[in-house]
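Listed in order, the protein sequences are those of chains C and Y.
Quick note on the numbering used here: the first sequence kicks off at 118 and runs consecutively.
Quick note on the numbering used here: the second sequence kicks off at 118 and runs consecutively.
Written out below as structure tokens is the structure these notes cover.
2 protein chains.
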Amino acid sequence: MTKRQNIFYAQSGGVTAVINASACGVLETAAKHKKAIGRVYAGRNGIIGALTEDLIDTSRETKQAISALRYTPAGAFGSCRYKLKGLNESRAQYERLIEVFEAHNIGYFLYNGGGDSADTCLKVSQLSKNMGFPIQAIHIPKTVDNDLPITDNCPGFGSVAKYIAISTREASFDVASMAKTSTKVFVLEVMGRHAGWIAAAGGMAADSDNDIPILILFPEVPFERRRFMAAVKQKVKIHGYCSVVVSEGLRDRQGGFLSDQGLHDAFGHAQLGGVASVISTMVKDDLGLKYHYAVADYLQRSARHIASLTDVSQAYAVGQAAVELALRGKNSIMPSIVRTSNKPYRWRIGEAKLSRVANREKMMPASFITRDGFGITQRCRTYLEPLMKGEDYPPYRNGLPRYVRLKNTAVPKKLKTPFAL
Amino acid sequence: MTKRQNIFYAQSGGVTAVINASACGVLETAAKHKKAIGRVYAGRNGIIGALTEDLIDTSRETKQAISALRYTPAGAFGSCRYKLKGLNESRAQYERLIEVFEAHNIGYFLYNGGGDSADTCLKVSQLSKNMGFPIQAIHIPKTVDNDLPITDNCPGFGSVAKYIAISTREASFDVASMAKTSTKVFVLEVMGRHAGWIAAAGGMAADSDNDIPILILFPEVPFERRRFMAAVKQKVKIHGYCSVVVSEGLRDRQGGFLSDQGLHDAFGHAQLGGVASVISTMVKDDLGLKYHYAVADYLQRSARHIASLTDVSQAYAVGQAAVELALRGKNSIMPSIVRTSNKPYRWRIGEAKLSRVANREKMMPASFITRDGFGITQRCRTYLEPLMKGEDYPPYRNGLPRYVRLKNTAVPKKLKTPFAL
């Protein structure tokens, strides 16, 4: 490098409780390398910010505000669901990116997201080779789905896992209290359209000190109504109640989503039922048991109030590593989390080639699911436990967490032409 | 009192994150008065435990276990939904209660619950007068619905309020991040079939530091679809997104529940939609906006991990006060919470006659709801804020809260006849 270059950083895809901790890692680390790095420009709403030259000048934020990102959930700069097309299909997009990067002296592209975002990052990383524009693209892993390959786990997942395990334990205590005369089955719907990592975390609610009857419905295991009902019936017989953790991506033997039950309201309009309500109604119909159900939805992935300390630390570390890798001249790479020991849990940052990360999903290993398909094995517990470990409470004022809102001051535009997405 | 008498304590109705803190208050206070009080027998599953002579000997628990009740959610002895009939309708029930109380030397009846339970407690308190059996009945207030009269607020409510306010803030940060290309409206369904106290708490997510667009749908305000949609549209126009907190008890102008939309599945079976999914579908139909919804259900009332310190302290205090009132010879009474100052928040324990508590619901005052019907006023904020204040984290092990499970050893039965409920 002959001169100081700026970093472009952006957040992509579904946000998490700790993606801002990665942003904090990027910003605080960049600030330590003022000789090599100029400013960090954040894309407003991910890659869209780059395409539309809508950049945020992070140097306008106070040190305190940057540091508060560590405990603030969701995406402070705005995220997006937007996938770049291939170079051949949409050359104009890539030319525009180069134009924007050149205009703002951007030499580093740090993209913080999941599988789709890794694909975007991979494409940008090829700009040097394919279009002769020197840029280093580093992907910063993030996804509650925990489905990126190579890395032992994904920042964002540990906190959702903790939230779902705690919520399942707490709600199970509740149902146990009510079961004598009221609710006997509690159903909790969790995220995970393809992989059952989050659903698996519900299984952690039970342990040697907490004999809680939990049935997990994984997207990896085709739903068989009769077998499931027999299992519920047995749990209720033994314990008096039963908790069910169901993945939103649960499918039947034909591969159809359980949530898609062709519901219609009184006027014939199609209605989205949600898999929890579908499963609950089946329990009522087949077993005549009173149920309650909850849908965790965004609550689970934004629950920074009970984030996992491991998760926060790792989210920060991958942000930090991304800057360090950039300074070491790396391109087309993702800092990964490498587990070096289970007990005591130890991890370090590794490196994964983006070409091996993009567009690949890591499913739950079969060895993590019990033979009956409704539970998690000891191997799964050994894997999950350290990821959920430790509390990292945000500061509170008047009973509520003090999360930061950035100023998000725009960088003055330098290009004359707008860009239509 | 001529001799030491035993206490009967039981938990009734929907449980909360802090009802066990009241139990803790009862048990630890009783332990300090060994000269006057013998043992504390807990009813297994509320009044059912008394009727069926299914008593739990709390003296078999360790001091540590009793002390852990302070931070353990739900009902440690089991709760019930069971209302005693009037004395004239069901004299046998009352005769049975007397039989059980006599057999176990029970002189104090402490019942921990909401409005229905206050009614049960009132009926028991009349046993002395009506049936010549000396017993002192004290009601210990508990309900997430916050709808008991006289008391300034109800133990259990502050923690739900805190949970809903935090969840609404966190999920709103999430939606704000996603709104550019994805979800624009987030709907959170909360408890409160008759009174909108819990829904009101969602409004606390926004404050002078957090300009979050929130619309609240109260059960007190009849739902008008067109007016609501206009409000959503405006919020989205200004902020790019909107959060909606809807009470499960939302009704239309004709008094019908919004959740009862006559949903049917592909086979013609009736389905319970849940008001969040109904409102969300309307938003999609009328405004074409992408939505997400969550249903907090039991998660909200069991979320001990983020209980309010004020709430825990008050729950303990009413348990303690119940024992002290009993020792002072009181009957047919409920320890209440009296607010003596807003800033700084100060409260003390008062006394309310049970006849003035039972079967009365306290609705949200009109002055707490904004004129458009979608928000909370400053008066409401002043009321809610101290109730949600302070954190009281439980201890953790391996990433999960260490809640206690009691041994719940049965007291040997002394009666020969069983009792059919």
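Built from N, CA and C at the ideal position, the CB exists for glycine as well.
Since residue i meets chain Y, which of its residues come closer than 9 Å, beta carbon to beta carbon?
{"i": "Cys-359 (chain C)", "result": "Correct list: empty, because the minimum Cβ distance to chain Y is about 13 Å."}
{"i": "Ala-347 (chain C)", "result": "Residues of chain Y passing the Cβ test: none, with the nearest at roughly 21 Å."}
{"i": "Lys-279 (chain C)", "result": "Gly-516 and Leu-517"}
{"i": "Val-132 (chain C)", "result": "Phe-290, Asp-291, Ser-294 and Met-295"}
{"i": "Val-412 (chain C)", "result": "Glu-306, Gly-391, Ala-393, Ser-394, Tyr-410, Ala-411, Val-412, Ala-413 and Asp-414"}
{"i": "Met-321 (chain C)", "result": "Asn-515, Gly-516 and Leu-517"}
Need the endpoints of the beta strand (DSSP E) that residue i sits in, please.
{"i": "Ser-289 (chain Y)", "result": "Premise fails: Ser-289 (chain Y) lies in the alpha helix (DSSP H), 274-295, not in any beta strand (DSSP E)."}
{"i": "Ser-364 (chain Y)", "result": "359-364"}
{"i": "Ile-173 (chain Y)", "result": "172-174"}
{"i": "Ile-333 (chain Y)", "result": "331-334"}
Could you work out which residues of chain C lie near residue i, taking near to mean beta carbons separated by less than 9 Å?
{"i": "Val-400 (chain Y)", "result": "Result: empty, since nearest Cβ-Cβ is about 12 Å, beyond 9 Å."}
Please name the residue, chosen from the options, that lies closest to residue i on a Cα-to-Cα basis.
{"i": "Glu-468 (chain Y)", "options": "Y:Glu-206, Y:Asn-123, Y:Pro-258 and Y:Asp-171", "result": "Y:Pro-258"}
{"i": "Ala-537 (chain C)", "options": "C:Lys-151, C:Thr-169 and C:Gly-366", "result": "C:Thr-169"}
{"i": "Ala-296 (chain Y)", "options": "C:Ile-267, C:Val-132, C:Ala-348 and C:Ile-252", "result": "C:Val-132"}
{"i": "Glu-365 (chain Y)", "options": "Y:Met-308, Y:Ser-430 and Y:Ile-355", "result": "Y:Met-308"}
{"i": "Val-400 (chain C)", "options": "C:Val-302, C:Val-474, C:Trp-314 and C:Ala-411", "result": "C:Val-302"}
{"i": "Gly-163 (chain Y)", "options": "Y:Ala-182, Y:Gln-181 and Y:Leu-214", "result": "Y:Leu-214"}
{"i": "Gly-490 (chain C)", "options": "C:His-150, C:Ala-348, C:Ser-139 and C:Ala-420", "result": "C:Ala-348"}
{"i": "Phe-290 (chain Y)", "options": "C:Lys-240, C:Leu-186, C:Ala-254 and C:Val-241", "result": "C:Leu-186"}
{"i": "Ala-312 (chain C)", "options": "C:Cys-238, C:Asp-324, C:Thr-298 and C:Val-338", "result": "C:Val-338"}
{"i": "Lys-200 (chain C)", "options": "C:His-409, C:Asn-476 and C:Pro-503", "result": "C:Asn-476"}
{"i": "Gln-253 (chain Y)", "options": "Y:Arg-198, Y:Gln-371, Y:Lys-470 and Y:Arg-496", "result": "Y:Lys-470"}
{"i": "Arg-496 (chain C)", "options": "C:Asn-459, C:Glu-508, C:Thr-427 and C:Leu-426", "result": "C:Asn-459"}
{"i": "Lys-447 (chain Y)", "options": "Y:Tyr-126, Y:Ile-255, Y:Gly-203 and Y:Leu-144", "result": "Y:Ile-255"}
{"i": "Lys-530 (chain C)", "options": "C:Val-135, C:Gly-166, C:Ile-450 and C:Leu-406", "result": "C:Gly-166"}
{"i": "Gly-503 (chain C)", "options": "Y:Arg-514, Y:Arg-498, Y:Leu-501 and Y:Tyr-500", "result": "Residue identity check: residue 503 (chain C) is Pro in the sequence provided, not Gly. That would be Y:Arg-514, whose Cα lies nearest to the Cα of Pro-503 (chain C)."}
Tell me which residues share the same chain as residue i and place their Cβ nearer than 6 Å to its Cβ, disregarding the 5 neighbours each side in the sequence.
{"i": "Arg-121 (chain Y)", "result": "Gly-155"}
{"i": "Thr-189 (chain C)", "result": "Asn-137, Tyr-520 and Val-521"}
{"i": "Val-146 (chain Y)", "result": "Here residue 146 (chain Y) turns out to be Thr, not Val, going by the sequence shown. Cβ within range, chain order: Gln-437 and Val-440."}
{"i": "Gly-230 (chain C)", "result": "Ser-129, Gly-130 and Lys-259"}
{"i": "Ser-234 (chain Y)", "result": "Ser-129, Gly-130 and Tyr-228"}
{"i": "Ser-176 (chain C)", "result": "Arg-156"}
In chain order, what residues of the same chain have a beta carbon less than 8 Å from the beta carbon of residue i, not counting five sequence neighbours either side?
{"i": "Asp-403 (chain C)", "result": "Arg-342 and Met-346"}
{"i": "Thr-494 (chain Y)", "result": "Ser-484, Phe-485, Ile-486 and Thr-487"}
{"i": "Leu-532 (chain Y)", "result": "Glu-170, Glu-216, Val-217 and Ala-220"}
{"i": "Trp-314 (chain C)", "result": "Asp-262, Asn-263, Asp-264, Phe-274, Ala-278 and Met-481"}
{"i": "Asn-601 (chain Y)", "result": "The requested residue 601 (chain Y) is not part of the displayed model; chain Y covers only 118 to 538."}
{"i": "Ala-527 (chain C)", "result": "Arg-161, Asp-171, Leu-172, Ile-173 and Asp-174"}
Considering just the uninterrupted stretch of the alpha helix (DSSP H) at residue i, what are its terminal residues?
{"i": "Tyr-415 (chain C)", "result": "414-419"}
{"i": "Val-435 (chain C)", "result": "426-444"}
{"i": "His-356 (chain C)", "result": "342-356"}
{"i": "Ile-183 (chain Y)", "result": "180-185"}
{"i": "Val-241 (chain Y)", "result": "232-242"}
{"i": "Ile-255 (chain Y)", "result": "Ile-255 (chain Y) -> not in any alpha helix (DSSP H); beta strand (DSSP E) instead, spanning 253-258."}
{"i": "Ala-317 (chain Y)", "result": "314-319"}
Might you give, ordered along the chain, the residues of its own chain that have their beta carbon closer than 7 Å to the beta carbon of residue i, omitting 5 neighbours on each side?
{"i": "Ala-282 (chain Y)", "result": "Ala-318, Gly-319, Met-321, Ala-322 and Met-505"}
{"i": "Ala-434 (chain C)", "result": "Gly-142 and Ile-466"}
{"i": "Arg-463 (chain C)", "result": "Thr-457"}
{"i": "Thr-285 (chain C)", "result": "Leu-305, Gly-319, Ala-322, Ile-331, Ser-360 and Val-362"}
{"i": "Met-248 (chain C)", "result": "Tyr-211 and Ile-215"}
{"i": "Glu-605 (chain C)", "result": "Chain C is shown only over 118 to 538; residue 605 (chain C) falls outside these bounds and no answer can be derived."}
{"i": "Asp-369 (chain Y)", "result": "Pro-339, Phe-340 and Leu-375"}
{"i": "Ala-182 (chain Y)", "result": "Val-521 and Leu-523"}
Give me the chain B residues within the contact set of residue i, using Cβ-Cβ distance strictly less than 7 Å, ordered along the chain.
{"i": "Ser-299 (chain Y)", "result": "Absent from the structure is chain B; the protein chains it does hold are C and Y."}
Report the neighbours of residue i on chain Y: residues whose CB is nearer than 8 Å to its CB, in chain order.
{"i": "Lys-506 (chain C)", "result": "Asn-515 and Gly-516"}
{"i": "Ser-425 (chain C)", "result": "Gly-516"}
{"i": "Glu-365 (chain C)", "result": "None at all; the shortest Cβ gap to chain Y is about 11 Å."}
Could you name the residues of chain C that residue i contacts, counting a contact when the two beta carbons are closer than 8 Å?
{"i": "Asp-509 (chain Y)", "result": "Within 8 Å Cβ-Cβ: nothing; Asp-509 (chain Y) doesn't reach chain C, min ~11 Å."}
Give the residues of chain Y in contact with residue i, contact being defined as C-beta atoms less than 7 Å apart.
{"i": "Asn-247 (chain C)", "result": "Near Asn-247 (chain C) there are no residues of chain Y at all, since even the closest Cβ is about 26 Å away, more than 7 Å."}
{"i": "Ser-284 (chain C)", "result": "Leu-416"}
{"i": "Ser-242 (chain C)", "result": "Within chain Y, no residue comes near Ser-242 (chain C); the closest Cβ sits about 23 Å away, beyond 7 Å."}
{"i": "His-356 (chain C)", "result": "Neighbours of His-356 (chain C) on chain Y: none; closest Cβ ~12 Å, over 7 Å."}
For the ligand GDP, is there any heavy atom lying closer than 8 Å to the beta carbon of residue i?
{"i": "Asn-270 (chain C)", "result": "Here there are no bound small molecules, and the ligand GDP is not part of this structure."}
If the cut is a Cβ gap below 7 Å, which residues of chain C does residue i touch?
{"i": "Ile-223 (chain Y)", "result": "The premise fails here: Ile-223 (chain Y) is roughly 21 Å from chain C at the closest Cβ pair, so nothing lies under 7 Å."}
Exercise. Pick out the complete alpha helix (DSSP H) segments inside the segment 206-230 of chain C, 4 residues or longer, and give them in chain order.
Key: 208-220
Practice problem: Ignoring anything shorter than 4 residues or poking outside the segment 118-169 of chain C, list the alpha helix (DSSP H) runs there in chain order. | Solution: 136-148 and 164-168
Quiz prompt | Completely contained alpha helix (DSSP H) runs for the segment 447-514 of chain Y, where each covers 4 or more residues | solution = 495-504
Exercise. Any chance you could list the alpha helix (DSSP H) runs of at least 4 consecutive residues sitting entirely within the segment 386-410 of chain Y, in chain order?
Key: Here the runs fully enclosed are 392-404.
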